[in-house]
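Asker: First the structure, which I've put down as C-alpha cells, then a few questions once you've had a look.
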Amino acid sequence: MSINATLIGQMITFALLVWFTMKYVWPPLFQSLEERKKKIAEGLAAAEKGQEEIELAEKRAKKVLREAKEQSADIVNLAQKRAGEIVEESKDAAKKEGERLALAARAQIDQELQQVKENLRREVSALALTAAEQILSAEIDKTKHQEILSKVSNKLG
Amino acid sequence: MAAEVHAAEGATGYIVHHLTSLSAGEGFWTLHLDTLFFSALLGGLFIWFFKQAAEKATADVPGLVQNFAEMMVEFVDTQVKDSFHGRSALIAPLALTIFCWVFLFNFMDLFPVDILPGIGALMGIEYLRVVPSTDLNATFAMSISVFCLIIFYSVKIKGPWGFAKELMFQPFGPWLLPFNLLLKLVEELAKPISLALRLFGNLYAGELIFILIALLPWYLQPVLSFPWAIFHLLIITLQAFIFMVLTIVYLSMAHEDH
Chain A
1 MSINATLIGQ MITFALLVWF TMKYVWPPLF QSLEERKKKI AEGLAAAEKG QEEIELAEKR
61 AKKVLREAKE QSADIVNLAQ KRAGEIVEES KDAAKKEGER LALAARAQID QELQQVKENL
121 RREVSALALT AAEQILSAEI DKTKHQEILS KVSNKLG
Chain B
1 MAAEVHAAEG ATGYIVHHLT SLSAGEGFWT LHLDTLFFSA LLGGLFIWFF KQAAEKATAD
61 VPGLVQNFAE MMVEFVDTQV KDSFHGRSAL IAPLALTIFC WVFLFNFMDL FPVDILPGIG
121 ALMGIEYLRV VPSTDLNATF AMSISVFCLI IFYSVKIKGP WGFAKELMFQ PFGPWLLPFN
181 LLLKLVEELA KPISLALRLF GNLYAGELIF ILIALLPWYL QPVLSFPWAI FHLLIITLQA
241 FIFMVLTIVY LSMAHEDH
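Same order as they appear, the protein sequences are chains A and B. If you read the first sequence in our numbering, its first letter stands for residue 1, the second for the next number, and so on. If you read the second sequence in our numbering, its first letter stands for residue 1, the second for the next number, and so on.
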C-alpha cells in the first residue's frame, strides 16, 4: 500500500510506453486514416463527376437521336415526294405512249381501210366491167366501142 | 467460538494475503515486483498489438487488427479534438497509451482472484497481486507523470512569469495574492491526487469485492461474481476513459493562456 520505489519504475515504464506510442504507433495509424479519408473523398468526387458526365452524355445522345429522327423524317418526306413525282411522270409517259400507240393503230387502220377500199373499188370495177362486158359483149362490137370501153375502164381503174 | 475466530482469521488472512505485494528491498527502496512485472507485460502487449497494426497500416481496405487499432485511434482522437484545441504531437498518443494501459491494468481484475496467485504459488511465489491499478504506485506513477507534463506545458506555453502570474493573481486579483497562491496550489495538486486515487479506489474496491465473494460458499459465488464481473466490465472501461479524458482536459487547460 505504501508509496515506494515502484513508483519510479512505473514512471519509467510509462514514459517508455508513451514515447514508443508517440514515435512508432500513432503517426502511421493516423496517417493511414487520413489517407483513407482522402481516398474516399476523392472516390466520392469521382463518382459524382461520373454521374454528371453520364447525364451530359445522355442529353447529348438524346439530342443526336432527335436530330437523326428529324433527318430521317425529312428523308422519308423527300422520298415520298420524289416517288409521287416519279409516279406522275410515269403516268404521263404511259398516257403519251398509249396515245401514240392509239394514234399509230388508227393510222394503220386508216391505211388498211384505204387499201381495202382500193381493193374493193378495184374488184367492184372489175366486177362491173366484167358484168358490163358480159352485157355488152352481146350487143357491142368490141372493136367499135373500144374507145369508150377503155375510157370507162380508165375512169374506174 | 474458537473455530469461528479461526475462521475469521482465515478469512482475514486470505484477504490480506491477496492484498500483499510480492516485494523486494527495504523501506522506500522496496519494489513491488508483481506490479512492475504485470504493468510491463501489459504495456508490452499494448505496444506489440498496436505496433503490429501500425506496421501493416495501409490506406486501402484495412484488416481486422488494423480496423481495431484505427477504431481506438479515431476514438481517442475524437476525445482529444473535443477538448484540446491546440496542436500537439504528444497529447493524443499519450491519451491512447493511458486508455489502453489502464484498461489492461483493470482488465486483470476480471481474472478469477485465485488463478494467477495459485499458479504463482505452484511456482513458489508466495504473494502475487495481479492488478497493477490496485497498487497506488502504479496509479500515482501515471498521475505524477501527467502532473509533470501539466507543469511543463504551463511553463512552456505561458512562460515562467506568465505561469507564476496565473498562480498569484488569479482568480481574485493581486490584492489577495497569498490566498490565490494557496487556492491555485491546492487546485493543481488536487489534479494528480484525484486522478490516482479515483482509479486506485475504484479498482481496489472492486478487487476487494471479488475477494470477498471468493470467500463465500461455492454455490453462492457464481450468482454474485457473475453480475459483479459484468458491472465491473463497465467500471474498468469507464475508469480508463475517465483517466484519459481528465488527462486531456488538464493538459488542454495547461495550454490555454488567460
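Yeah, the Cβ is synthetic: ideal placement off N, Cα and C, and Gly gets one too. Please read all numbers here as calculations on a predicted model, not as lab measurements.
Assuming contact is defined by CB atoms lying nearer than 9 angstroms, are residue 131 of chain B and residue 68 of chain B in contact in what I supplied?
Answerer: Residue numbering aside, residue 131 of chain B sits at position 131 when the second sequence is read from its first letter. Residue numbering aside, residue 68 of chain B sits at position 68 when the second sequence is read from its first letter. No, the pair does not count as a contact, with Cβ atoms beyond the cut-off.
Asker: What do you reckon, are the CB atoms on residue 17 of chain A and residue 73 of chain B nearer than 9 angstroms?
Answerer: By one-based count along the first sequence, residue 17 of chain A stands at place 17. By one-based count along the second sequence, residue 73 of chain B stands at place 73. No, Cβ-Cβ distance for residue 17 of chain A and residue 73 of chain B is not below 9 angstroms.
Asker: Quick one: Cα of residue 173 of chain B to Cα of residue 191 of chain B, how far?
Answerer: On the second sequence, position 173 is the one that residue 173 of chain B refers to. On the second sequence, position 191 is the one that residue 191 of chain B refers to. Between residue 173 of chain B and residue 191 of chain B, the C-alpha separation is close to 23 angstroms.
Asker: So what does DSSP say about residue 138 of chain B, is it helix, strand or coil?
Answerer: Counting from one through the second sequence, the residue named residue 138 of chain B turns up at place 138. Residue 138 of chain B falls in the helix class under three-state DSSP.
Asker: For residue 65 of chain B, which residues from the same chain have a beta carbon less than 8 angstroms from its beta carbon, with the 5 sequence-adjacent residues on both sides left out?
Answerer: Within the second sequence, numbered from 1, the residue matching residue 65 of chain B stands at position 65. If we look at residue 65 of chain B and ignore the five residues flanking it on each side, its Cβ neighbours are 49, 52, 53, 56.
Asker: Give the range of the alpha helix (DSSP H) segment to which residue 260 of chain B is assigned.
Answerer: A query on residue 260 of chain B cannot be resolved here, the shown segment of chain B reaching from 1 to 258 and no further.
Asker: By the DSSP assignment, the alpha helix (DSSP H) with residue 227 of chain B in it spans what residues?
Answerer: On the second sequence, residue 227 of chain B is found 227 positions in, with the first residue counted as 1. Start and end: 221-255.
Asker: Measuring only between beta-carbons, confirm whether residue 136 of chain B sits less than 9 angstroms from chain A.
Answerer: Counting from 1 along the second sequence, the entry for residue 136 of chain B is found at position 136. It does; some Cβ of chain A falls within 9 angstroms.
Asker: Which class does residue 59 of chain B belong to by DSSP, given the choice of helix, strand or coil?
Answerer: Within the second sequence, numbered from 1, the residue matching residue 59 of chain B stands at position 59. In this structure, residue 59 of chain B counts as coil in the three-state DSSP scheme.
Asker: In the stretch 22-41 of chain A, which residues sit with their C-beta less than 7 angstroms from some C-beta in chain B, listed in chain order?
Answerer: So the close ones are 22, 24, 25, 26, 28, 29, 30, 32, 33, 35, 36, 39.
Asker: So which residues on chain B does residue 15 of chain A lean against when the C-beta distance must stay under 8 angstroms?
Answerer: The residue labelled residue 15 of chain A in the question sits at position 15 within the first sequence. Simply 145.
Asker: Would the stretch 184-198 of chain B count as touching the stretch 112-123 of chain B if we require 3 or more Cβ pairs under 8 angstroms?
Answerer: Contact fails: fewer than three Cβ-Cβ distances are below 8 angstroms.
Asker: Which full runs of the alpha helix (DSSP H) of 4+ residues lie inside the stretch 39-108 of chain B, going along the chain?
Answerer: Fully enclosed alpha helix (DSSP H) runs of 4 or longer: 64-83, 91-107.
Asker: Residue 31 of chain B and residue 25 of chain B look like a contact to me (Cβ under 8 angstroms); what is the Cβ gap, rounded to whole Å?
Answerer: Mapped onto the second sequence, residue 31 of chain B falls at position 31. Mapped onto the second sequence, residue 25 of chain B falls at position 25. With 8 angstroms as the limit, residue 31 of chain B and residue 25 of chain B qualify as a contact, their Cβ atoms being about 5 angstroms apart.
Asker: What are the boundary residues of the alpha helix (DSSP H) that residue 152 of chain A is part of?
Answerer: Mapped onto the first sequence, residue 152 of chain A falls at position 152. From DSSP, the alpha helix (DSSP H) with residue 152 of chain A extends over 146-156.
Asker: Can you pull out the residues from the stretch 26-53 of chain B whose beta carbon lies closer than 8 angstroms to at least one beta carbon of chain A?
Answerer: Going along the stretch 26-53 of chain B in chain order, one finds 27, 28, 29, 30, 31, 32, 35, 36, 39, 40, 43, 46, 47, 50, 51, 53 with a Cβ nearer than 8 angstroms to chain A.
Asker: Alpha carbon to alpha carbon, what distance is there between residue 48 of chain A and residue 164 of chain B?
Answerer: Position 164 of the second sequence, counting from 1, holds the residue named residue 164 of chain B. Position 48 of the first sequence, counting from 1, holds the residue named residue 48 of chain A. Approximately 56 angstroms between the Cα atoms of the pair.
Asker: My understanding is that residue 36 of chain B touches residue 6 of chain A, with C-beta atoms under 8 angstroms, so please give their C-beta distance in whole angstroms.
Answerer: Sequence index remark: in the second sequence, residue 36 of chain B carries index 36 (1-based). Sequence index remark: in the first sequence, residue 6 of chain A carries index 6 (1-based). With 8 angstroms as the limit, residue 36 of chain B and residue 6 of chain A qualify as a contact, their Cβ atoms being about 6 angstroms apart.
Asker: Can you find a C-beta in chain A that's less than 9 angstroms from the C-beta of residue 246 of chain B?
Answerer: By 1-based counting over the second sequence, the position of residue 246 of chain B is 246. Chain A, which has no Cβ nearer than 9 angstroms to the Cβ of residue 246 of chain B, makes this no.
Asker: Just confirm the distance between the C-beta atoms of residue 153 of chain B and residue 246 of chain B, as a whole number of angstroms; I'd bet it's less than 8 angstroms.
Answerer: Here the question's residue 153 of chain B lines up with position 153 in the second sequence. Here the question's residue 246 of chain B lines up with position 246 in the second sequence. Residue 153 of chain B to residue 246 of chain B, Cβ: 15 angstroms. No contact.
Asker: Is there a Cβ of chain B sitting closer than 9 angstroms to that of residue 50 of chain A, yes or no?
Answerer: Against the first sequence, residue 50 of chain A aligns to sequence position 50. No, residue 50 of chain A lies away from the interface with chain B (no Cβ there is under 9 angstroms from its Cβ).
Asker: For residue 5 of chain A, go through chain B and note every residue whose CB falls closer than 8 angstroms to its CB, in chain order.
Answerer: Here residue 5 of chain A corresponds to residue number 5 of the first sequence, with the count starting at 1. What residue 5 of chain A touches in chain B: 25, 28, 29, 30, 31.
Asker: Run through the DSSP bridge pairs and tell me what residue 24 of chain B is partnered with.
Answerer: Against the second sequence, residue 24 of chain B aligns to sequence position 24. DSSP, once it has assigned bridges, lists B:31 as partnering residue 24 of chain B.
Asker: Residue 225 of chain B to residue 236 of chain B, Cα distance in whole Å?
Answerer: On the second sequence, position 225 is the one that residue 225 of chain B refers to. On the second sequence, position 236 is the one that residue 236 of chain B refers to. Roughly 15 angstroms between the two C-alpha positions.
Asker: So what does DSSP say about residue 129 of chain A, is it helix, strand or coil?
Answerer: Position 129 of the first sequence, counting from 1, holds the residue named residue 129 of chain A. In the structure shown, residue 129 of chain A sits in a helix (DSSP, three-state: H, G or I).
Asker: Residues in the same chain with beta-carbon distance under 8 angstroms from residue 110 of chain B, minus the five sequence neighbours each way, listed in chain order, please.
Answerer: Position 110 of the second sequence, counting from 1, holds the residue named residue 110 of chain B. Once the five neighbours on either side are set aside, the close Cβ partners of residue 110 of chain B are 229, 232, 233, 236.
Asker: Within the continuous alpha helix (DSSP H) that includes residue 13 of chain A, where are the two ends?
Answerer: Walking along the first sequence from the start, residue 13 of chain A turns up at place 13. 6-20 is the span of the alpha helix (DSSP H), which, as asked, contains residue 13 of chain A.
Asker: Using a Cβ-Cβ cut-off of less than 7 angstroms, list which residues of the stretch 157-177 of chain B approach chain D; keep chain order.
Answerer: Note that chain D does not occur in the displayed structure, where the protein chains are A and B.
Asker: Please identify the residue among B:147, B:151, B:248, B:90 whose C-alpha is closest to the C-alpha of residue 26 of chain A.
Answerer: Position 26 of the first sequence holds residue 26 of chain A. Looking at the Cα atoms, B:90 is the closest of the given residues.
Asker: Look at residue 141 of chain B and residue 20 of chain A and say whether their C-beta atoms are less than 9 angstroms apart.
Answerer: What you label residue 141 of chain B is simply residue 141 of the second sequence in a count that begins at 1. What you label residue 20 of chain A is simply residue 20 of the first sequence in a count that begins at 1. No, Cβ-Cβ distance for residue 141 of chain B and residue 20 of chain A is not below 9 angstroms.
Asker: Against chain A, does residue 152 of chain B count as a neighbour if the rule is that its beta carbon must be under 9 angstroms from one of theirs?
Answerer: Within the second sequence, residue 152 of chain B is the residue found at index 152, counting from 1. No, residue 152 of chain B lies away from the interface with chain A (no Cβ there is under 9 angstroms from its Cβ).
Asker: May I ask you to report which of helix, strand or coil DSSP gives residue 125 of chain B?
Answerer: Position 125 of the second sequence, counted from the first residue, corresponds to residue 125 of chain B. Residue state, collapsed to three classes: coil.
Asker: Could you tell me whether the Cβ of residue 92 of chain B comes closer than 9 angstroms to any Cβ of chain A?
Answerer: Working through the second sequence from its first residue, we reach residue 92 of chain B at position 92. Taking Cβ atoms only, chain A reaches closer than 9 angstroms to residue 92 of chain B, which makes this a yes.
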